[in-house]
Amino acid sequence: MYLKPIVYTALGDSLTVGVGASIKSGFIKEYTYFSERALKRKIITNKYAKKGITSEQFIKLLACPQVRRAIYESDIITITIGGNDLIQANRHFMRTNDPSIFHRTLYSFKQNYEFILRTITELKSDVGSPYLIRTIGFYNPFPELPYSDLWIRSFNNAIEKLSLNYHSKFINIYPIFARLREQALTFDRLHPNHYGYQLIAYELYYSGYNELNFNNKGFLFE
């Protein structure tokens, strides 16, 4: 019996691009492999991502017909966005010592992220077939900054709360990167290395596939 391939679309910033990985595939290749094994289906992968993109810039990317079509046809969607919003806010804070920039950035980010999730769910609303969305949170590449944990946790909390409202599951990578920081990051301390991207793929895999309503519930790892 022919089984239609699963379509997976990865959306986002440098984490989705795979910056820091040896072959620039990041977590996508690993997650696709795990998913094919778990679901026993071929997976077709799309990737729409750009290094340095902010949540506001990502909204413009969502207007692209090719991206919208890919979302419409997708069974699995992953999102990494917002890290550059926070990085830009920190650069501004370093110049001005004005903490209000973090409050303003978080407010704008929430508006943008909700728009992104709402747009995706609206595109999927007429499909009639099950799908899953995984929203990937932030890790802390700069724990030596005394305020970094506060704002990274604030952004992660925002993503988690918004995800609950839009058919999405939040993937919290903060704890595992906090525990394995030196092992999981490249020399620039900003991006994951190959092992770090594997950790993200594992977290995605362990979040399951229940939304797809497939009969197979097998897992590769126990």
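Just so we're aligned, residue 28 is where the sequence shown starts under the working numbering, counting upward by one. Ideal placement from N, C-alpha and C gives every residue a C-beta, glycine not left out. All figures in this text were calculated on a predicted structure; none of them were measured in a lab.
Are T132 and L144 closer than 8 Å when you measure CB to CB?
Your numbering for residue 132 matches position 105 in the sequence shown. Your numbering for residue 144 matches position 117 in the sequence shown. It is not a contact, given that the beta carbons lie outside the stated cut-off.
Where does V34 fall in DSSP's three states?
Mapped onto the sequence shown, residue 34 falls at position 7. Of the three classes helix, strand and coil, the one that applies to V34 here is strand, per DSSP.
Based on the DSSP secondary-structure assignment, which residues constitute the bridge partners of F120?
Residue numbering aside, residue 120 sits at position 93 when the sequence shown is read from its first letter. F120 pairs with nothing; no bridge assigned.
In chain order, which alpha helix (DSSP H) runs of at least 4 residues are fully inside the segment 34-114?
41-44, 53-66, 82-89 and 92-100
Do you know whose CA, among Y166, L89 and Y174, lies nearest Y140's CA?
Along the sequence shown, one-based indexing puts residue 140 at 113. The residue with the shortest Cα to Cα distance from Y140 is L89.
From what residue to what residue does the beta strand (DSSP E) around L159 run?
If you number the sequence shown from 1, residue 159 lands on position 132. Its beta strand (DSSP E) spans residues L159 to I163.
DSSP has I227 in a bridge; who is on the other side?
Your numbering for residue 227 matches position 200 in the sequence shown. DSSP lists no beta-bridge partner residue for I227.
Count the other CB atoms within 10 Å of the CB of K130; is the residue buried (16 or more) or exposed (fewer)?
The residue you call residue 130 lines up with position 103 of the sequence shown. Position check: residue 130 holds His in this sequence, whereas Lys was assumed. Exposed is the call here.
Would you call S101 buried or exposed, if buried means 16 or more other Cβ atoms sit within 10 Å of its Cβ?
In the sequence shown, counting from the first residue as 1, residue 101 sits at position 74. So S101 counts as buried.
Less than 8 Å between the beta carbons of T72 and Y99, yes or no?
Taking the sequence shown and counting its residues from 1, one reaches residue 72 at position 45. Taking the sequence shown and counting its residues from 1, one reaches residue 99 at position 72. For T72 and Y99, no; Cβs fall outside 8 Å.
In whole angstroms, give me the CA-to-CA distance for A126 and A116.
In the sequence shown, the residue the question calls residue 126 occupies position 99. In the sequence shown, the residue the question calls residue 116 occupies position 89. Reading off the sequence shown, one finds Pro at residue 126, where the question assumed Ala. Separation of P126 and A116 (C-alpha to C-alpha, rounded to the nearest whole angstrom) is 9 Å.
Quick one: Cα of L217 to Cα of Y193, how far?
Position 190 of the sequence shown, counted from the first residue, corresponds to residue 217. Position 166 of the sequence shown, counted from the first residue, corresponds to residue 193. Their backbone Cα atoms lie some 29 Å apart in a straight line.
Is Y222 near the ligand COA, judged by its Cβ being under 7 Å from some heavy atom?
Ligands displayed in this structure: none; no statement on the ligand COA is therefore possible.
Where does E249 land, buried or exposed, given buried means 16+ other C-beta within 10 angstroms?
In the sequence shown, counting from the first residue as 1, residue 249 sits at position 222. With a pLDDT of 37 at E249, under the threshold of 50, the modelled position of that residue is not reliable, and no figure is offered here.
Using a Cβ distance threshold of 8 Å, determine whether the segment 202-221 contacts the segment 145-157, with at least three qualifying pairs required.
no
Could you check the C-alpha separation between F214 and V154 for me, to the nearest Å?
Working through the sequence shown from its first residue, we reach residue 214 at position 187. Working through the sequence shown from its first residue, we reach residue 154 at position 127. The straight-line gap from Cα to Cα measures roughly 44 Å.
What three-state label does DSSP hand K244 in the structure shown?
One-based indexing of the sequence shown puts residue 244 at position 217. Note that K244 has pLDDT 44, beneath the 50 cutoff, so the model's placement of it is unreliable and the number below is only indicative. Coil.
Please name the residue or residues paired with I198 in a DSSP beta bridge.
Within the sequence shown, the letter at position 171 stands for residue 198. Paired residues: I163.
In the structure shown, what three-state DSSP assignment does L207 receive?
What you label residue 207 is simply residue 180 of the sequence shown in a count that begins at 1. Residue state for L207 is assigned as coil, using DSSP reduced to three classes.
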